[in-house]
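Working notes, structure below.
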């Protein structure tokens, strides 16, 4: 009978494996394993003394201390120290008097050694994985204790005492999901026996093993192992009961003498380096909706720190990520993308299979605005329906009904019909596939009374083009605009002064010539009142506290810069209210960045302390952003030359990695903007890859509308926000 205690999820002799066979895979990079192995068995024998017969026992105990560490990927170091305890037990029969026979025991060190193992997956990511490796180990024995001769005289075998042995093995592992097949081939080159001074014959090693991993909590395995002329079979079970530990039970049968041995123990496995705890796993397959064939797709999580991943050739993917809420986006060339919000918790495993539909010319997710046009008597009216400020064609309402397809967002819909006063509404389409109902009731256009003319039009913000609630006065009459910013006034013939006033805006004025019966369209675009604020600051060198000469850059509504006073290090900038990013640029000095939210009439005080740094080569200073048109994911033609320069820089500096950051303005739903920004970043990444840059060095991430550099209330600010930026990763 043999009892074994194991600490460490490794093989009997250290290193990743089953019991006596080794897996071609190495311990994970940075992991550390400590194994304490002890075994025990006994033999009964008959001893005679003074014509009496005694049934005595020889006890054999051994122990292994093994350490395994993976300092590099696919590389494993291990070392071991072994000892022994042998005990001769003299058993007296109960029916006779106790005779003067003494027990004897001897303990000490037996051997020590160590080695290395290499294992590299030459095929990985397919339905199967093939790992090829090798292992080289050396074992040297200690001299036996001097008192061991006592046990030899009592029939114990002499202890091992030899020159170093060399264990050389070729390792192969073939894995099909949770099932693994391990092959060991090699030879032990044995050293000379120090007791007899004779050479010991070398031994060939042949082993075949099969293991099954059940959800990383239970392991089943079996091994057939031949060493020289001795062969045996080992089977076992490792059952995970607690975190980082398993209860182990093994059985072993010698194929030479049919002797059985049983082993049991406890395995505890850990790491010497801190591991990043992943909260959850998301896995699945991406296939064609119609044919169910696997697709090569990109799995991304817009707005998060989780990196995009590609599906394997069989369409499968697996992503580990921290717990929390995410938007998962699946994209494949020629197919409609699919996204879904998900919530994952620590330790959960979510299966998310995706079937994509071929695009067939599909470009962007759409919603619908459906409506009807009625007169005040509820009669259907044929008219024209226009979406103001959007690239959506005008549609004709046939029989009073209309349908417009648009992307999710905010829209101003105006309706015109001959003989009726126009009307309009602001409509929100919140998500893909949503259909919004919008009905319009038009009033008949009354004839203009004699001696009068009509003035009508829209009042809007000059920068944002949004409608304004305003008062319009002309010819002694006054009206308020509706929700679309529309007004209508009947005034006497002549040259009246039209005045427009709105809270927070500078007034608008214009003189028009009105003839009897005329209908004049007159729009106003008002300028918002913006009392300016002031940013005042000082810049010093951190080491000397002396004033520093530096360029101060203000990013916001527009990009501007000033230079500090060389005597005092002070700068002053007067600008309109808004959100700004203030950065400092100085040769040989760090360039910090501060965010400022400037109110009207406010004075913001900033102080910068610059630390010196070593200069480094930067072939493309600052990696300027590239900009996109509204709603577009296509970079502009004039930026291709600059993208070629970025690619050339990365090809020259192959030790550097880059992050591509996509951004949008705040127009439209936030979720849709996250998707748009991720697509912009992925498009730029694809172009750099097409120029020869390794995909593993380029990370694409969308930030949506969360990091503006311009004021989203203005056209110029939104243009600055529709951008992609480049950042060298440390």
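Residue numbers (the working numbering): 27 to 756. A virtual CB, placed ideally from N, CA and C, is assigned to each residue, including glycine. Just so we're clear, the structure is a prediction, and the values are computed from it rather than from any experiment.
In the structure shown, the three-state DSSP call for residue 743 is helix.
About 22 Å separates the beta carbon of residue 62 from that of residue 249, a gap too long to meet the 8 Å contact definition.
Here residue 626 carries a coil assignment [DSSP, helix/strand/coil]. The Cβ atoms of residue 652 and residue 749 lie closer than 8 Å to each other.
DSSP, reduced to helix, strand and coil, places residue 260 within a strand of the structure shown. In this structure the stretch 465-483 touches the stretch 537-553; the number of beta carbon pairs closer than 8 Å is three or more. Between residue 165 and residue 206, the gap from beta carbon to beta carbon reaches 8 Å or more. Excluding five sequence positions before and after residue 604, the CB atoms of its chain that fall closer than 7 Å to its own CB belong to 582, 583, 624 and 737, given in chain order. Burial state of residue 336 is exposed, judged by a 10 Å Cβ sphere holding fewer than 16 other Cβ atoms.
Your pair residue 565 and residue 629 does not check out as a contact, with CB atoms roughly 17 Å apart and the cut at 8 Å. Three or more Cβ pairs drawn from the stretch 715-734 and the stretch 695-705 lie within less than 8 Å of each other, which places the two stretches in contact. For residue 208, the uninterrupted beta strand (DSSP E) run begins and ends at 205-215, by DSSP. Beta bridge pairing from DSSP links residue 163 with 141 and 193. DSSP, reduced to helix, strand and coil, places residue 116 outside both helices and strands of the structure shown, so it counts as coil. The stretch 130-139 makes contact with the stretch 96-111; the number of CB pairs closer than 8 Å reaches 3 or more. Taking 8 Å as the cut-off, the beta carbon of residue 529 is found no closer than this to the beta carbon of residue 483. Residue 199 and residue 229 have their C-alpha atoms some 23 Å from each other. With respect to the C-alpha of residue 430, the residue from 455, 446 and 447 having the closest C-alpha is 455. Approximately 6 Å separates the beta-carbon atoms of residue 458 and residue 434; this is inside 8 Å, confirming the contact.
Under the DSSP assignment, residue 699 falls in the alpha helix (DSSP H) whose first and last residues are 696-716. For residue 357, the number of other beta carbons within 10 angstroms of its own is at least 16, and it is reported as buried. The shortest CA-to-CA distance from residue 552 to any of 422, 568, 535 and 544 is the one to 535. With a cutoff of 8 Å on beta-carbon distance, residue 656 and residue 735 are scored as not near each other. Under the Cβ criterion (8 Å, minimum of three pairs), the stretch 435-454 counts as touching the stretch 685-700. By DSSP's assignment, residue 725 forms a beta bridge with 685. If you compare the alpha carbons of 88, 580, 144 and 173 with that of residue 67, the shortest gap goes to 88.
Within the model, the alpha-carbon separation for residue 633 versus residue 586 is close to 19 Å. Boundaries around residue 78 are those of the beta strand (DSSP E), 78-98, since no alpha helix (DSSP H) includes it. Per DSSP, reduced to three states, the secondary structure at residue 600 is strand. If you draw a straight line from the Cα of residue 254 to the Cα of residue 234, it comes to about 15 Å. Take the alpha-carbon of residue 594 and the one of residue 572: they are about 9 Å apart.
Beta-carbon to beta-carbon, residue 260 and residue 232 are separated by about 14 Å, too far to satisfy the 8 Å threshold. Residue environment analysis places residue 510 among the buried positions, since at least 16 neighbouring C-beta atoms fall within 10 angstroms of its C-beta.
In this structure, DSSP gives residue 594 a state outside helix and strand, which the three-state scheme calls coil. According to DSSP, residue 147 shares a beta bridge with 157. Scanning the stretch 403-427 for uninterrupted beta strand (DSSP E) segments of 3 residues or longer gives 409-414 and 421-423, listed from N- to C-terminal end.
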